[in-house]
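Have a look at the structure below, then the notes.
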Amino acid sequence: MKINIKSDVAQVIKVACLALVMILSACNNDQFFEKDAPPVTEWKTVADMEFGIANAYRLSLIQNESSCWNFMPFVHFGQSDIVREISVNGGWNSNVTYSRDFQQRIGQTDKYAICYSVILYCNNMLDFIAKDPFPTASETDKTKNISRIKGEALFLRALAYYHLLIWYSPAYDPQGANDTKLLALKLNTPITVELALDNTPASTKLIYDQVVKDFTDAKVLLPLKWETGMNNAYKFGRASKHAAGAYLARTLMLMGKNTEALAELDGVLNDGSMPRTLEADPETNWLNNSATASWTSPEIVWYAFFADINLSTNFRHNMMLHYFDNAIFPNPDDWRDWWIWSLNTKTVKRVGMMADDNSVPAGWANDKRAKLFHRFEGYNNALPSTTKYNYVHLVNRAFEGRVGLVDPVYMSKKYYRVPLAGQSKTAPPQNIPVLRSAELYLWRAALKQVTNKGGQAADLNMVRQRAWDVAKSGAYVPLTDAQATWELIDQEWIKEMAFEGDRVIWLQMFKKPIGSGDRTVADVNAPYANFFYPIPLSETDFNPKN
-18 MKINIKSDVA QVIKVACLAL VMILSACNND QFFEKDAPPV TEWKTVADME
32 FGIANAYRLS LIQNESSCWN FMPFVHFGQS DIVREISVNG GWNSNVTYSR
82 DFQQRIGQTD KYAICYSVIL YCNNMLDFIA KDPFPTASET DKTKNISRIK
132 GEALFLRALA YYHLLIWYSP AYDPQGANDT KLLALKLNTP ITVELALDNT
182 PASTKLIYDQ VVKDFTDAKV LLPLKWETGM NNAYKFGRAS KHAAGAYLAR
232 TLMLMGKNTE ALAELDGVLN DGSMPRTLEA DPETNWLNNS ATASWTSPEI
282 VWYAFFADIN LSTNFRHNMM LHYFDNAIFP NPDDWRDWWI WSLNTKTVKR
332 VGMMADDNSV PAGWANDKRA KLFHRFEGYN NALPSTTKYN YVHLVNRAFE
382 GRVGLVDPVY MSKKYYRVPL AGQSKTAPPQ NIPVLRSAEL YLWRAALKQV
432 TNKGGQAADL NMVRQRAWDV AKSGAYVPLT DAQATWELID QEWIKEMAFE
482 GDRVIWLQMF KKPIGSGDRT VADVNAPYAN FFYPIPLSET DFNPKN
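Letter 96 of the sequence shown, counting from 1, is numbered 77 in the working numbering, and no numbers are missing.
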């Protein structure tokens, strides 16, 4: 779907709110808005409403590294227990992120304004729908489009608040009051300057409760998939009932509400009307770049629709994790050699991707997921730094002193798998999974294990067996619950979700320590005190003064 409406994506939330106030007051001040148009507040047809919700998706997922979602798994990987710092990017002080210094201001990690911009768009849509703007609409439009868009707005608002909570608030403490007040809870479109500038903070608990409510309400309104009568735009990268259920489960686990979370995961993974079976080959999840056909894989619960170049800022994939490996991109001279983080040696040996003597174990060589990682044997400064790409050794001088000659480095190869060579400037970019059922099976396995409910082996076996190559390794032997320990589940998460999932949130969901990794620091234990960023000072200036 081609989007022709420009949006005020570059403005901070205060300016966006003020722009909206000006529109509602019939003010016509072009200088105030500069090049961008403010958010649209009214739509003439049901079909036109798709433009409004599309803007919220763009800011949530595919607005370069500025979006709510893209940057967070990347930064959390850099702060995690499994990362290795193989270089430093001075452009945004990546070493500050790696060192877990939350007090130094790094503009790239500030997602406050963009998340509140999403909330503004969603509140605008929800307020518009609340006015019953199309009373004569057909029943099909009312149920399959208007109600569905309302569900999407609730989902994206909850998602934005979820990201604000994990970025700018203390982790939820199931045994605590969670009464810290840092974030403003905005549930309606501001129609006055006073409302636009009202940043009265609400308690962490209140905002978590609102996220749960929004995801719950969204789950009721959202369909499982596109149906006849729905706008065609809904076929591409849009949230569904299962996406809402999955994010609700994740939020509940962060809150320590494990019984409720398990029920939500069961609702997604046991839904007979939409089975969430896994692809036979995990690589299939990284080969979709269709801009014309909906991605209907049962494993893909939700994906970011990068293939429509009209929705993307530029051809470069707007996912920070893509920077990890552009060695397989067909025209690598177009892209910077921006590698800074790999899996650390301790981790790749722990999970069986590398033996103690640094060789590749047969078990990993035969694992279907091995093709989604690239192993460099080390850094070779005898090779010219201008070498276009060397698939055996790293050659950029940025690795000097951090990677040795015989010092294997494991990088991601999940990204830039499509378009194929020779199509780099003509074929659509790669669509990127946001939620896969393989991850949800691991969530459920871990949840069953840490709560001693039992049955975790069945979920863990789903993921392990899919990765097992019978032709190379023989018949798969299922694990028992006694064998399916937290350690084994965690190892499987790394092999399945590294360079994709959010490592910090994975550990926080199950109240596990965030290990030190290669750092000489203590582990960060639940409730993860001070493991969050301060709100930008430019935003707290608008908080009420006592």
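Glycine is no exception: its CB is placed at the ideal position from the N, C-alpha and C atoms.
If you draw a straight line from the C-alpha of residue 341 to the C-alpha of residue 262, how long is it? Looking at the two C-alpha atoms, the distance is approximately 21 Å.
Among 462, 124, 106, the one whose alpha carbon lies nearest that of residue 169: Answer by Cα proximity: 106.
Unbroken stretches of the alpha helix (DSSP H), 4 residues or longer, contained in the stretch 184 to 257: Taking only runs of at least 4 residues, the alpha helix (DSSP H) segments lying wholly in the stretch 184 to 257 are 185 to 202, 222 to 235, 239 to 250.
Here's the rule: buried if 16 or more other CB atoms are within 10 angstroms of the residue's CB, otherwise exposed. What is residue 1? Only weak support exists for where residue 1 lies, its pLDDT of 45 falling under 50; the coordinates are left without a value.
Please identify the residue among 84, 375, 188 whose C-alpha is closest to the C-alpha of residue 320. The shortest C-alpha separation from residue 320 is found at 375.
Hey, how far is the Cα of residue 221 from the Cα of residue 243? About 19 Å.
Given a threshold of 16 other Cβ atoms within 10 Å of its Cβ, counted over all protein chains shown, does residue 518 qualify as buried or as exposed? Counting other Cβ atoms within 10 Å of its Cβ, residue 518 stays below 16 and is therefore classed as exposed.
Around the Cβ of residue 226, are there at least 16 other Cβ atoms within 10 angstroms (buried) or fewer (exposed)? Taking every protein chain shown into account, the CB of residue 226 has 16 or more other CB atoms within 10 angstroms, so this residue is buried.
Just mark residue 484 as buried or exposed, buried being the case when its beta carbon has 16 or more other beta carbons within 10 Å. The Cβ neighbour count for residue 484, taken over all protein chains shown within 10 Å, is at least 16; the residue is labelled buried.
Just to confirm my understanding: we take residue 188, look at its own chain, exclude 5 residues before and 5 after, and list those with CB closer than 7 Å. What are they? Once the five neighbours on either side are set aside, the close Cβ partners of residue 188 are 142, 146, 164, 166.
Residue from 360, 364, 381 with nearest C-alpha to residue 388: Residue 360 is the option with its Cα nearest to residue 388.
Between residue 428 and residue 56, what straight-line distance do the alpha-carbon atoms span, to the nearest angstrom? Taking the straight line joining both Cα atoms gives about 25 Å.
The alpha helix (DSSP H) spanning residue 422 covers which residue range? From DSSP, the alpha helix (DSSP H) with residue 422 extends over 418 to 431.
Distance, Cα to Cα, residue 390 vs residue 159? In this structure, the CA atom of residue 390 is about 41 Å from the CA atom of residue 159.
Can the beta-carbon of residue 425 be found closer than 7 Å to that of residue 440? When the beta-carbon positions are compared, residue 425 and residue 440 come within less than 7 Å of each other.
Residue burial classification, residue 88 (beta-carbon count within 10 angstroms, cutoff 16): Per the 10 Å Cβ criterion, exposed.
I need the boundaries of the alpha helix (DSSP H) containing residue 52, first residue and last residue. Here the alpha helix (DSSP H) through residue 52 covers 52 to 59.
Burial state of residue 372 (16 or more Cβ within 10 Å): It counts as exposed.
Using only the alpha-carbon positions, how far apart do residue 277 and residue 210 sit? Rounded to whole angstroms, residue 277 and residue 210 show a C-alpha spacing of 18 Å.
Should the stretch 455 to 463 be regarded as contacting the stretch 26 to 36, the criterion being three or more beta carbon pairs within less than 8 Å? These segments do not touch.
What beta strand (DSSP E) runs, 3 residues minimum, are completely inside the stretch 54 to 100? Complete beta strand (DSSP E) runs here, min 3: 64 to 66.
Can you give the Cα-Cα distance for residue 397 and residue 121, rounded to whole angstroms? Taking the straight line joining both Cα atoms gives about 40 Å.
Can you look up residue 391 in the DSSP assignment and give me helix, strand or coil? Correct three-state label for residue 391: strand.
How would you label residue 150, buried or exposed, when you count the other beta carbons within 10 angstroms and need 16 or more for buried? Taking every protein chain shown into account, the CB of residue 150 has 16 or more other CB atoms within 10 angstroms, so this residue is buried.
Considering only the beta carbon of each residue, do residue 134 and residue 192 sit closer than 7 Å? Result no, Cβ atoms of residue 134 and residue 192 do not sit closer than 7 Å.
Using only alpha-carbon positions, find the residue among 283, 451, 476, 54 that is nearest to residue 144. For residue 144, the closest of 283, 451, 476, 54 by C-alpha to C-alpha distance is 54.
Rounded to whole angstroms, what is the Cα-Cα separation between residue 50 and residue 480? Distance between the alpha carbons of residue 50 and residue 480: 14 Å.
So, using beta-carbon positions, are residue 281 and residue 365 closer together than 7 Å? Not in contact: residue 281 and residue 365 (Cβ atoms no closer than 7 Å).
Could you tell me the distance, in whole angstroms, from the CA atom of residue 521 to the CA atom of residue 356? Approximately 45 Å, taken between the alpha carbons.
Residues that DSSP places opposite residue 323 in a beta bridge: Answer by DSSP bridge pairing, in chain order: 65.
For residue 470, collect the residues of the same chain with a Cβ closer than 8 Å to its Cβ; drop the 5 residues on either side in sequence, then sort them by chain order. The residues are 423, 426, 427, 430, 437, 441.
Report the partner residues of residue 354 according to the DSSP bridge assignment. Answer is 393.
Sort 235, 216, 131 by Cα distance to residue 156 and report the nearest one. Out of 235, 216, 131, 235 has the C-alpha closest to the C-alpha of residue 156.
Taking C-beta to C-beta, are residue 202 and residue 128 nearer than 7 Å? Yes, these two residues count as a Cβ contact at 7 Å.
Buried versus exposed call for residue 11 [16 or more other C-beta atoms within 10 Å across all chains shown]: Residue placement at residue 11 is flagged as unreliable, the pLDDT there being 35, under the threshold of 50; a coordinate-derived value is accordingly withheld.
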